[in-house]
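Per the working numbering, the very first residue in the sequence shown carries number 20; after that it's consecutive.
All C-beta atoms in this analysis are idealised placements derived from N, C-alpha and C, irrespective of residue type, glycine included.
If you're wondering where the values come from, they're calculated on a predicted model, not measured in any experiment.
A short worksheet on the structure shown next.
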Amino acid sequence: MTLKECFDKTEGMISFEEATLLYELARRVTRGCIVEVGSYRGRSAVALGRGSLDGHGVPVYAIEPHEEFTGVLGGKFGSADRGAFYKAMLDTSCYDIVRLLNVGSKIVAPNWDKQVSLLWIDGDHTYEAVKADFECWAPHLTANALIAFDDTKNPRLGPKQLIKELVEEKGFEEKRKVGKVTVLGRKGI
């Protein structure tokens with residue numbers, strides 16, 4: 020099944036070009052695991068999962084509580100999204116590689132025992148939440164890990180603000196940008 024076929028079977032808020040970027044990033048991961056924070060209905064998890072399946076088969080962990088929530092942009096989220104996520108995994112055969120953890124980063128990350136080579140952050144878009152998600156997973160990142168953020172164009176949203184800090188103060192640099200997705204990595208790596 021091609022990425023385009025999988026994309027067309029899923030619901031989500033990323034474009035096909037953005038899904039292709041996630042697919043390409045996941046396909047290149049050779050060790051550790053991939054962590055996705057914020058899964059909604061599974062489109063990005065499928066892009067990551069298909070990339071891993073077509074690459075080196077590293078596990079993809081989807082961190083998504085699927086609790087009732089109103090996002091900073093007014094979107095409504097909840098348990099119906101969990102059902103759509105499961106359907107997306109079945110429809111695309113990504114259930115072999117994607118593992119859904121129905122809790123937030125603050126619960127999972129403190130006891131995490133795997134190296135993270137690719138981190139996709141697309142959860143709550145407030146600055147505080149994006150920063151907290153990043154800080155939860157930062158200790159688990161490999162030296163050459165890539166961190167991809169969604170919704171990075173709007174300067175009022177947390178991803179844009181955190182990226183500015185990471186680049187100016189924490190030794191990260193922009194590696195790629197596609198649509199509203201920005202990928203960071205450590206400088207010089």
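Nonlocal neighbours in the same chain, by C-beta distance under 8 Å from residue i, ignoring five residues either side
i          : result
residue 84 : 121, 122, 123
residue 73 : 42, 46
Residues that DSSP places opposite residue i in a beta bridge
i           : result
residue 139 : 55, 167
residue 89  : 95
residue 186 : None; residue 186 has no bridge partner.
residue 196 : 201
Member of the options whose CA lies at the smallest distance from the CA of residue i
i           : options           : result
residue 90  : 139, 177, 129     : 177
residue 77  : 20, 101, 118, 186 : 118
residue 189 : 181, 105, 20      : 181
residue 111 : 179, 183, 60      : 60
residue 86  : 113, 69, 142, 50  : 142
residue 198 : 37, 186, 98, 32   : 37
Backbone CA spacing between residue i and residue j [nearest angstrom]
i           : j           : result
residue 40  : residue 133 : 23 Å
residue 138 : residue 27  : 24 Å
residue 35  : residue 203 : 20 Å
residue 195 : residue 166 : 10 Å
residue 160 : residue 136 : 6 Å
residue 94  : residue 66  : 22 Å
Exposure label - residue i; buried when at least 16 CB within 10 Å
i           : result
residue 171 : buried
residue 88  : exposed
residue 206 : exposed
residue 102 : exposed
residue 63  : buried
residue 98  : exposed
residue 108 : buried
Cutoff 7 Å; reference residue i; Cβ partners in own chain excluding five residues on either side
i           : result
residue 173 : 179
residue 100 : 59, 60, 85
residue 145 : 91, 177
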